[in-house]
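Read through the structure below, which is laid out as structure tokens, and then see the notes.
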Amino acid sequence: MKEQSNIALKILSFIIIVLIAGFFLYSIPTIVKLVIIAALIAYILDPLANLFESRGMSRTGATIAIFIGIVCLIVISYTLILPLLLNEIKNLKTGFSAEQTISLVAKLEKVIISNLSFLGIAEIDLTGKLQETLSHTGEWIFSHVLDAASVITSFILIPFIVFFLLKDGREFKKSFINIVPNRYFEFTLYLFYKLNAQIGNFLRGQFIDAAIVGLMATLALWLVGLKYYFLIGLFTGIANLIPYFGPLTGAVLATILSIIQTGGLQMAAYVLLAFVIIKLLDDAIVQPVVVAKSVHMNPLTVLLVILIGGKWFGILGMLLSVPVTGFLKVVFHESIQNYRRYRA
Amino acid sequence: MSKIWENIFRKKRNADSIEEILVKIPIFQDLTPRELKTIKSILYQREYKTNEFIFKEGDAGLGMYIIFNGKVIITCGNDKQTLAELEEGDFFGELSLLDESPRSASAVAKTPCILLCFFKPELLDIIERNPKLGCKIIFKLAWTIGERLKSTNEQLKALNCQSRKSE
């Protein structure tokens with residue numbers, strides 16, 4: 041009886057601590073977001089730091105070397121890529137004015153009105169709505185995709201957190217493990233080990249896969265002649281981190297923009313063909329090589345968790361929904377499997 | 009006493025620092041002071057009370073334990089038959105560094121003790137970061153397990169001889 045009440049007290053204390061921690065984290069969403077992004081970056085960069093260490097560098101030296109590399113990349117991006125990107129966003133913000141496009145949309149509008157007049161549709165102003173939507177597209181992409189990385193505080197805080205997580209990550213882990221009671225000590229390490237094996241490979245694989253797909257999309261769209269090839273290529277790469285939705289969104293966006301740019305369907309067909317080829321290459325070559333042992337999940341579960349993640353936490357939620365679900369899956373699976381062994 | 013659990017490498021020891029304990033463990037014997045320092049930095053140090061379980065038979069094993077201080081007994085089965093009694097400087101569970109199969113016996117603290125824990129994720133990390141050191145450890149680990157196997161064979165042979173004589 042006494043033992044049972046002790047267990048109940050422990051569970052209650054645990055729930056209270058989790059709730060307080062949850063409330064605390066909920067009240068500082070921006071910092072939590074920054075820490076999550078920084079932890080992800082540090083986690084992805086960890087093998088690179090290990091590689092430098094295996095070449096004889098100290099951990100601090102390896103971290104500094106990675107940061108020098110990142111600064112070089114930022115400088116290159118600032119001088120070469122950023123002007124191109126800003127130019128494309130500016131062009132997109134000004135919308136479109138191609139006469140061909142306007143006539144194409146006007147034609148489409150006429151067809152809709154004449155065929156659906158029985159529904160009482162007299163005027164839909166498709167051209168105006170499209171113009172209005174497009175004028176906001178650039179801003180939308182900028183605010184939703186690039187904004188998080190462009191805020192000054194993020195630029196200072198994220199590298200700062202990444203540096204310390206990368207340099208002292210092992211000490212942080214050790215300190216955490218040291219506070220775990222003896223009874224759960226080895227099991228906690230076992231969980232960490234399993235999580236690292238499954239989620240780590242998945243995350244790093246997805247990141248490399250997204251970079252390759254982004255590069256392929258940029259190249260393909262440049263070859264096809266799309267005006268905003270770099271912006272859409274970059275968007276496709278980032279969106280590719282979200283299973284199912286990502287690749288589709290990139291293809292749809294590129295197709296719409298190609299129709300708007302040319303006013304015809306020829307370029308759109310090439311764009312679609314390019315995305316089909318990229319998808320095939322990704323599925324057949326890139327993913328099997330890069331994304332090693334991933335979290336085995338039902339496609340329906342993946343779709344549902346992405347939708348829930350998007351609804352609750354926006355784009356970051358969509359990006360993190362699959363790894364977080366994988367994390368929970370591993371924790372529950374291993375906990376249930378080992379429950380009998382570790383109880384009492 | 010089971011040769012699998014008994015410390016067949018035991019020598020007279022009088023160590024008071026972690027490095028001194030480590031250098032007497034066969035797995036770490038060939039390491040340089042700098043390498044020993046690296047190993048020391050990745051070890052977990054845990055304190056156990058008398059009669060506290062370090063691990064139980066059937067648990068998922070992930071690594072080895074080195075006794076820095078105190079005494080540990082290894083027991084097996086429901087009747088808790090004692091397989092070995094280990095003391096300062098002894099080590100156990102090293103097979104789990106290679107194999108994730110469940111623990112084949114339980115380890116219980118006989119006296120209050122401090123253990124140094126060396127686990128598989130840390131070994132894999134060492135192999136990735138410092139392949140030379142990783143190779144040294146793996147080589148000595150294989151040697152240690154081979155020695156235990158040889159000792160067990162000898163024990164089996166002796167038991168066979170004994171049973172034939174008694175027949």
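From first to last, the protein sequence lines stand for chains A and B.
Counting in this note's numbering, the first sequence runs from 41 upward without gaps.
Counting in this note's numbering, the second sequence runs from 9 upward without gaps.
Backbone N, C-alpha and C define an ideal beta-carbon position, used for all residues, glycine too.
It is roughly 37 Å from the alpha-carbon of ALA102 (chain A) to the alpha-carbon of ASP67 (chain B). For ALA68 (chain B), the nearest CB of chain A lies under 9 Å from its own CB, placing it at the interface with that chain. Under DSSP, no beta-bridge partner is assigned to MET358 (chain A). Between LYS128 (chain B) and LEU70 (chain B), the CB-CB gap stays under 9 Å. Just measuring C-alpha positions, the residue of B:THR160, B:CYS84 and B:ALA150 sitting nearest PRO34 (chain B) is B:ALA150. Residues of the stretch 86-98 of chain A with a C-beta less than 7 Å from any C-beta of chain B: ASN90, GLU93 and SER94, listed in chain order. Annotated three-state conformation of GLN37 (chain B) is coil, per DSSP. PHE99 (chain B) does not reach chain A, its nearest Cβ partner there being about 15 Å away, counting only Cβ pairs nearer than 7 Å. Under the 8 Å Cβ criterion, the stretch 114-128 of chain A does not count as touching the stretch 159-172 of chain B, having fewer than three qualifying pairs. About 7 Å separates the beta carbons of GLU65 (chain B) and SER112 (chain B), which is inside the 8 Å limit, making them a contact pair. Counting the other Cβ atoms within 10 Å of the Cβ of TYR118 (chain A) gives fewer than 16, which makes it exposed. Within the stretch 54-94 of chain B, no complete alpha helix (DSSP H) segment of 4 residues or longer occurs. Residue environment: PRO287 (chain A) is assigned as buried (16 or more neighbouring CB atoms within 10 Å of its CB, all protein chains considered). Per DSSP, the continuous alpha helix (DSSP H) segment holding LEU255 (chain A) begins and ends at 241-264. Within the stretch 31-62 of chain B, contact with chain A at the beta-carbon level (separation under 9 Å) is assigned to SER49, ILE50, TYR52, GLN53, ARG54, GLU55, TYR56, LYS57, GLU60, PHE61 and ILE62.
Looking at the DSSP output, ILE122 (chain B) shares a beta bridge with B:GLU55 and B:ASN77. Note on THR258 (chain A): 16 or more other CB atoms within 10 angstroms of its CB, so buried under the neighbour-count rule.
Taking a contact to require three or more Cβ pairs closer than 8 Å, the stretch 132-143 of chain B and the stretch 75-82 of chain B do not qualify as touching. Proximity of ASN138 (chain B) to chain A, defined by a Cβ-Cβ separation below 9 Å, is satisfied.
Contiguous alpha helix (DSSP H) elements confined to the stretch 108-152 of chain B occur at 128-137, taking only those with 4 or more residues. The beta carbon of LEU229 (chain A) sits closer than 7 Å to those of ILE217, all from its chain and outside the five residues before and after it, given in chain order. With respect to chain A, the C-beta atom of PRO129 (chain B) has a partner C-beta closer than 9 Å. Taking ILE239 (chain A) as the centre and dropping the five residues before and after it, the same chain places the C-beta of PRO363, GLY366 and PHE367 closer than 6 Å to its C-beta, in chain order.
Taking all protein chains shown into account, GLN89 (chain B) has fewer than 16 neighbouring C-beta atoms within 10 Å of its C-beta and is therefore exposed.
For TYR233 (chain A), the uninterrupted alpha helix (DSSP H) run begins and ends at 222-235, by DSSP. Ranked by how close their Cα comes to the Cα of GLU93 (chain A), the residues A:ILE77, A:LYS207 and A:LEU49 have A:LYS207 in first place. If you compare the alpha carbons of B:LEU141, B:ILE145 and B:PHE99 with that of CYS125 (chain B), the shortest gap goes to B:PHE99. With distances taken between CA atoms, ILE296 (chain A) lies nearest to A:TYR268 out of A:ILE84, A:PRO199, A:TYR268 and A:TYR233. Put simply, of B:PHE61, B:GLU55 and B:LEU106 the residue whose alpha carbon is nearest the alpha carbon of LYS148 (chain B) is B:LEU106. Counting only the Cα atoms, ILE318 (chain A) lies some 10 Å from VAL326 (chain A). For ILE346 (chain A), the number of other beta carbons within 10 angstroms of its own is at least 16, and it is reported as buried.
Chain B places a beta carbon closer than 9 Å to that of ASN222 (chain A), counting this residue as a contact. In the same chain as ILE201 (chain A), and ignoring 5 residues on each side of it, the C-beta atoms closer than 8 Å to its own belong to LEU74, VAL75, ALA78, ALA79 and ALA82, in chain order. Bridge partners of PHE100 (chain B) according to DSSP: B:TYR73. When DSSP states are grouped into helix, strand and coil, MET307 (chain A) belongs to the helix group. Within 8 Å of the CB of ASN236 (chain A), the CB atoms of chain B belong to PRO129, in sequence order along the chain.
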